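These notes are about the structure you will find just below.
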Amino acid sequence: CGTLYIVATPIGNLADMTHRAITILNNVALICAEDTRNTGRLLKYYEVTTPCVAFHDHNEQQKTALMVEKLQSGSDLALVSDAGTPLINDPGYRLVNLCRKEGVNVVPVPGACAAITALCAAGLATDRFHYEGFFPPKTSARQQLLQSLKEESATLVFYESPHRILDTLADIVTVMGPDRPLVLARELTKTFETFASKSASEMLQWVGDDHNQQKGEMVLMIAGYQRDPDAVSHEVVQTLTLLSQELP
Ligand code: SAM
4 CGTLYIVATP
14 IGNLADMTHR
24 AITILNNVAL
34 ICAEDTRNTG
44 RLLKYYEVTT
54 PCVAFHDHNE
64 QQKTALMVEK
74 LQSGSDLALV
84 SDAGTPLIND
94 PGYRLVNLCR
104 KEGVNVVPVP
114 GACAAITALC
124 AAGLATDRFH
134 YEGFFPPKTS
144 ARQQLLQSLK
154 EESATLVFYE
164 SPHRILDTLA
174 DIVTVMGPDR
184 PLVLARELTK
194 TFETFASKSA
204 SEMLQWVGDD
214 HNQQKGEMVL
224 MIAGYQRDPD
234 AVSHEVVQTL
244 TLLSQELP
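Take any residue in the sequence shown, note its place counting from 1, add 3, and you have its number in UniProt numbering.
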């Protein structure tokens, strides 16, 4: 039985490709790529001549069984996405899930991932974090999600598209308050990489005032909720109120 390699690729800077990734891409029988033209450029840069087939959200269901058959007949395959780590908001879940069920060997070949790249240099707590992927596109669903995470003490890590960043920041101000610390990481590993640390309201103002901050690829991180040590909880206030009504 062959092996399925899950190969991470760069998220901007082509030099972030690992030696091991290049060796594996050279040695497998076939590369399954989210976009063959995109991956073609990377393969050309590293002079990899292995054939490449499309494997994306729209054909994943139909291609999965075919790829598992190829693996079971002894071929080694590699799965890559357009950028970063496959399966992290990218295709491949069905394939890996079926391989595990069928006893096909799956080997990760680690490398860049935008969420981890952003988090490790943001200056926010990293001991516990929630990776939340993309925000829902609609305001009502976004506010509902933010409400459910409002008192989460772990750092929250989101992907966001540039044309929704202002609406999302406005929703964060509304639901989590103007003072919640945020870090916006843009264009990681690329020429115009930026990290901005600001309160939610300052971030909304700053991104709104500067069109350059509304461009490119971005990761938005929200500091975890910190309970004010001096604040008296709602439950305590309720109990004291009830008690005071009963006492003479
Ligand atoms: N699998 C990828 C990974 O490992 O990070 C993520 C794929 S997801 C479809 C694409 C999103 O990742 C972008 O919209 C952006 O939010 C984030 N992203 C990817 N590359 C980035 C970069 N260079 N800088 C900032 N964010 C990036």
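Think of the CB as a built atom: it goes at the ideal place given N, C-alpha and C, for glycine as much as any other residue. These numbers were taken from a predicted model, which means no experiment stands behind them.
| Query | Result |
| --- | --- |
| Cβ pair residue 52, residue 81 closer than 9 Å | no |
| Cross-strand partners of residue 187 (DSSP beta bridge) | 199, 223 |
| Burial state of residue 240 (16 or more Cβ within 10 Å) | exposed |
| Residue environment, residue 161, which counts as buried when at least 16 other CB atoms sit within 10 Å | buried |
| Near the ligand SAM: residue 93 beta-carbon under 8 Å from a heavy atom | yes |
| Test item: CB-CB of residue 107 and residue 35 under 9 Å | no |
| Cβ contact check for the stretch 130-145 and the stretch 24-40: 3 or more pairs under 8 Å | no |
| DSSP-derived helix/strand/coil call for residue 35 | strand |
| Beta carbon of residue 3 nearer than 9 Å to that of residue 67 | Outside the shown range of the chain (4 to 251) lies residue 3, about which nothing can therefore be said. |
| Through-space distance from residue 158 to residue 222, alpha-carbon basis | 13 Å |
| Any non-hydrogen atom of the ligand SAM within 8 Å of residue 199 CB | no |
| Residue 107 (DSSP reduced to helix, strand or coil) | coil |
| Start and end residues, alpha helix (DSSP H) containing residue 158 | Here residue 158 belongs to no alpha helix (DSSP H); instead the beta strand (DSSP E) covers 158-163. |
| Beta-carbon spacing of residue 189, residue 227 below 9 Å | no |
| According to DSSP, residues forming a beta bridge with residue 133 | 159 |
| Alpha-carbon spacing of residue 210 relative to residue 169, whole angstroms | 7 Å |
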